[in-house]
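Trainee:
Number of protein chains: 2
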Amino acid sequence: MDKQQVFIQMALNAWNTYIQRTSKFIDGLSDEDLLREIAPGKNRIIYLLGHLIAIHDNMISLFNQGNRSYAHFDEAFVLKPDRTIQDIPAASVIRNDWKKSNEQLTALFSKMSADDWFGRHNSVSQEDFAKEPERNKLNVLINRTNHLAYHYGQLILAK
Amino acid sequence: MDKQQVFIQMALNAWNTYIQRTSKFIDGLSDEDLLREIAPGKNRIIYLLGHLIAIHDNMISLFNQGNRSYAHFDEAFVLKPDRTIQDIPAASVIRNDWKKSNEQLTALFSKMSADDWFGRHNSVSQEDFAKEPERNKLNVLINRTNHLAYHYGQLILAK
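Sequences listed follow chains V and W, in order.
Here the first sequence is numbered in this note's numbering, starting from 1 and rising by one per residue.
Here the second sequence is numbered in this note's numbering, starting from 1001 and rising by one per residue.
1. Note down the Cα distance separating W:A1011 from W:T1084, rounded to an integer number of angstroms.
2. Determine whether the Cβ of W:G1050 lies closer than 8 Å to any Cβ atom of chain B.
3. Just by C-beta distance, which residues in the stretch 1128 to 1146 of chain W are closer than 8 Å to chain V?
4. Could you tell me the alpha carbon to alpha carbon distance between W:L1035 and W:A1091, rounded to whole angstroms?
5. Against chain V, which members of the stretch 1034 to 1050 of chain W pass a CB distance test of less than 8 Å?
6. So, is W:A1076 buried or exposed, given that buried needs 16 or more other C-beta atoms within 10 angstroms?
7. Can you tell me whether W:N1136 is buried or exposed? The criterion is at least 16 other CB atoms within 10 Å of its CB, across all chains shown.
8. Give a yes or no on contact between the stretch 25 to 33 of chain V and the stretch 56 to 75 of chain V, applying the rule of three or more CB pairs nearer than 8 Å.
9. Can a CB atom of chain V be found closer than 8 Å to the CB of W:M1112?
10. Give the range of the alpha helix (DSSP H) segment to which W:F1025 is assigned.
11. Take W:K1131 as the anchor and find which of W:L1138, W:V1140, W:R1120 has the nearest alpha-carbon.
12. Verify the contact flag: W:Q1104, CB atom, against every heavy atom of the ligand MG, threshold strictly below 7 Å.
13. Please report the distance separating the alpha-carbon of V:D2 from that of V:E103.
14. Between W:G1153 and V:F73, what straight-line distance do the alpha-carbon atoms span, to the nearest angstrom?
15. Is it right to say W:V1140 is buried, meaning 16 or more other beta carbons lie within 10 angstroms of its own, or is it exposed?
16. Taking C-beta to C-beta, are V:L157 and V:Y18 nearer than 8 Å?
17. Starting from V:L138, follow the alpha helix (DSSP H) in both directions and report where the run begins and ends.
18. Can you name the residues of chain V whose CB is closer than 8 Å to the CB of W:G1066?
19. Please classify W:D1128 as buried or exposed, where buried requires at least 16 other C-beta atoms within 10 Å of its C-beta.
20. Leaving out the 5 sequence neighbours to the left and right, which residues in its chain are closer than 7 Å to V:D82 when beta-carbon positions are compared?
21. Listing by chain order, which chain V residues have their CB less than 7 Å from the CB of W:Q1154?
22. Is the Cβ-Cβ distance between V:D57 and V:S101 less than 8 Å?
23. With a 10 Å radius around its C-beta and 16 neighbouring C-beta atoms as the bar for buried, classify V:E32 as buried or exposed.
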């Protein structure tokens, strides 16, 4: 395995680790539990799940892989704080969307070559990318993994 | 910049980002604040800081760079839960140790070559490393960054 593949594997392993930890945490909760707050006065579990789905789904667009599946989550789960929008999907729906979103992203990632991963993502210009080659798709995945770990740390406080 | 240097830079950027976020968070708190819990009945801020210092400091040993500076933190901040050991350093001391530890690690990382980063760390055998080359020092840094992001997500709930 060359160094490039090794590094891609490292980044994917870290991503999968936190996806699995978060999935295991959710599997241990009832739909009713998903409506609980992570701590008094803080975000609800369901909000953080919707938030993660939306942010992860945005990689489809950043990676130039066609239309997003959960762009309709952005308003309630990214642009607005929890409880601002009352009409959000039921806990059972969000639980299922979390699984579907992970499956879709896993399928997408498995088709990507090393050149794809080290290519620029859609929110950086060609000029900037020439100067800052670290602003590639793999870097987005690394940042999203840290973002996921950040919220996973909050989620498990609800235990 | 060759690809190897690009991904070392990506991993270091992610590490520095979360170190800076955590430092900024601490700088905004008084020593008295550091004794607060992140949420009712959960770990205190001071415990999580001591925990991060100890876990980060352990990279010195994993990277075969000599003696650790904060091995004496392991008992109170890693092996035991918060409040089990009463005799922990004062908040002002932990605050200063956080800075010193980061400076020491930054100096260490800056001296490491690409070959160092992709070499095996001290808790994997030569045999296992031949089969799993992703178990290298850079992978440890990526995992520690996710661990840091995980606890940073908890720390900022104390706001």
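All C-beta atoms, glycine included, are put in the ideal place defined by N, C-alpha and C.
Mentor: Quick look at the numbers:
1. 35 Å
2. Of the protein chains in this structure, namely V and W, none is chain B.
3. P1133, E1134, N1136, L1138, N1139, I1142, N1143, T1145, N1146
4. 7 Å
5. I1038, A1039, P1040, K1042
6. buried
7. buried
8. no
9. no
10. 1003 to 1027
11. W:R1120
12. With respect to the ligand MG, the structure offers nothing, as it holds no ligand at all.
13. 27 Å
14. 22 Å
15. buried
16. no
17. 137 to 155
18. Result: empty, since nearest Cβ-Cβ is about 25 Å, beyond 8 Å.
19. exposed
20. N43, R44, Y47
21. G153, Q154, L157
22. yes
23. exposed
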